[in-house]
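Put into structure tokens, the structure is as follows:
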């Protein structure tokens with residue numbers, strides 16, 4: 001009897017660039033907004049999809065999730081076998097590495113999939129199918145308990161994690177878009193446009209909602225200039241507060257103070 005070859009992982013090899021602490025803003029947001037779901041789960045499994053040439057982001061994700069969910073486990077998944085082999089010495093209790101791609105080669109339905117700087121190298125037309133596949137692998141919602149199900153966080157950041165934009169999706173599809181930045185590095189909010197995820201980055205043109213949002217954010221930032229004497233944080237908070245008049249901002253001052261703002265996906269989704 002001949003053995004059947006393992007199926008080829010879904011996806012293509014990315015550049016794999018990574019740096020320690022690059023994803024700290026995304027991780028802290030996940031811990032704050034998804035921590036309750038992780039705590040209530042019997043087996044809170046998270047996947048760091050496409051962690052890159054070094055396993056730092058998976059190691060850090062485990063540490064940050066365990067501050068809010070001590071039983072959390074992380075599986076690092078990479079499509080390049082050599083990267084998996086290089087990561088194996090970093091395995092520990094609660095952290096393992098597997099060869100695979102968008103199929104997510106684990107038996108459980110994960111409660112979290114983080115895919116940072118992965119789809120940046122794909123075509124815009126490929127994003128929807130990848131989102132659909134990954135959302136289909138998430139733990140389902142449970143109306144009986146109020147559980148919202150798993151979360152897919154997909155986005156892009158700069159090389160040292162100062163600027164980051166991500167989309168959060170549940171089993172039902174996209175929910176929100178979050179803009180996060182180190183405020184001291186920001187000249188204006190539209191500086192974040194270069195870090196828009198693949199689904200939005202080519203839509204930052206007149207007539208598209210994300211372009212209108214960044215335009216209004218810049219105007220609110222300019223109007224909040226007098227608050228700069230109290231620091232960039234106070235100026236950001238004032239600008240975001242003004243944005244809430246016309247845009248469906250879903251978070252509040254606790255997150256704004258971190259240099260974040262989250263908006264409902266429907267308000268920024270590409271037209272057509």
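Numbering (UniProt numbering), first residue to last: 1 to 272.
For glycine and all other residues, C-beta sits at the position ideal for the given N, C-alpha and C.
CA-to-CA distance, residue 48 to residue 89, given in whole angstroms: The residue you call residue 89 lines up with position 89 of the chain shown. The residue you call residue 48 lines up with position 48 of the chain shown. A straight line joining the alpha-carbon of residue 89 with that of residue 48 spans about 17 Å.
Buried/exposed call for residue 159, threshold 16 Cβ in 10 Å: Here the question's residue 159 lines up with position 159 in the chain shown. When all chains shown are included, residue 159 counts as exposed.
Option in 213, 129, 216 and 238 with minimal Cα separation from residue 225: Residue 225 sits at position 225 when you count from the first residue of the chain shown. Nearest neighbour of residue 225 by Cα position, chosen from 213, 129, 216 and 238, turns out to be 238.
Runs of alpha helix (DSSP H) wholly within the region 106-162 (minimum 4 residues, chain order): For the region 106-162, whole alpha helix (DSSP H) runs of length 4 or above, ordered along the chain, are 124-137.
For residue 173: DSSP bridge partner residues: Counting from one through the chain shown, the residue named residue 173 turns up at place 173. Looking at the DSSP output, residue 173 shares a beta bridge with 170.
Beta-carbon spacing of residue 101, residue 9 below 8 Å: On the chain shown, position 101 is the one that residue 101 refers to. On the chain shown, position 9 is the one that residue 9 refers to. In this structure, residue 101 lies near residue 9, with their beta-carbon atoms less than 8 Å apart.
Where residue 164 falls, given that 16 or more other Cβ within 10 Å makes a residue buried: Numbered from 1 along the chain shown, position 164 holds the residue referred to as residue 164. Taking all protein chains shown into account, residue 164 has 16 or more neighbouring C-beta atoms within 10 Å of its C-beta and is therefore buried.
Sufficient close CB pairs (3 or more, under 8 Å) joining the region 79-99 to the region 30-42: Judged by Cβ distances under 8 Å, the region 79-99 makes no contact with the region 30-42, as fewer than three pairs qualify.
Nearest to residue 189 (by Cα), restricted to the options 211, 125 and 267: For this step, residue 189 is matched to residue 189 along the chain shown. Per the Cα distances, 211.
Nearest-angstrom Cα separation, counted from residue 70 out to residue 241: Sequence index remark: in the chain shown, residue 241 carries index 241 (1-based). Sequence index remark: in the chain shown, residue 70 carries index 70 (1-based). A direct Cα-to-Cα measurement between residue 241 and residue 70 gives close to 34 Å.
Rounded separation between residue 262 and residue 253 - CA only: Here residue 262 corresponds to residue number 262 of the chain shown, with the count starting at 1. Here residue 253 corresponds to residue number 253 of the chain shown, with the count starting at 1. So the two alpha carbons sit approximately 11 Å from each other.
Limits of the beta strand (DSSP E) - the one that residue 264 falls within: Locating residue 264 in the chain shown gives position 264, counting from the first residue. First-last of the beta strand (DSSP E) with residue 264: 260-264.
Element boundaries [beta strand (DSSP E), containing residue 47]: Counted from its first residue, the chain shown places residue 47 at position 47. Where residue 47 is concerned, the enclosing beta strand (DSSP E) starts and stops at 45-49.
Identified DSSP bridge partners for residue 98: Translated into positions along the chain shown, residue 98 becomes position 98. Beta-bridge pairing links residue 98 to 77.
Residue 193 versus residue 201: straight-line alpha-carbon distance, rounded: Against the chain shown, residue 193 aligns to sequence position 193. Against the chain shown, residue 201 aligns to sequence position 201. Going by the C-alpha atoms only, they are around 7 Å apart.
Euclidean distance between Cα positions of residue 203 and residue 270: As a first step, residue 203 is located in the chain shown; it is residue number 203 there, counting from the start. As a first step, residue 270 is located in the chain shown; it is residue number 270 there, counting from the start. Straight-line Cα distance between these residues: approximately 7 Å.
Run of the alpha helix (DSSP H) containing residue 71, from where it starts to where it stops: In the chain shown, residue 71 corresponds to position 71, counting from 1. Neither: residue 71 is in no alpha helix (DSSP H) and is coded neither H nor E.
Proximity winner among 154, 137, 195 and 182, relative to residue 45 (alpha-carbon distances): Translated into the one-based positions of the chain shown, residue 45 becomes position 45. Restricting attention to 154, 137, 195 and 182, the CA atom closest to the CA of residue 45 is found in 137.
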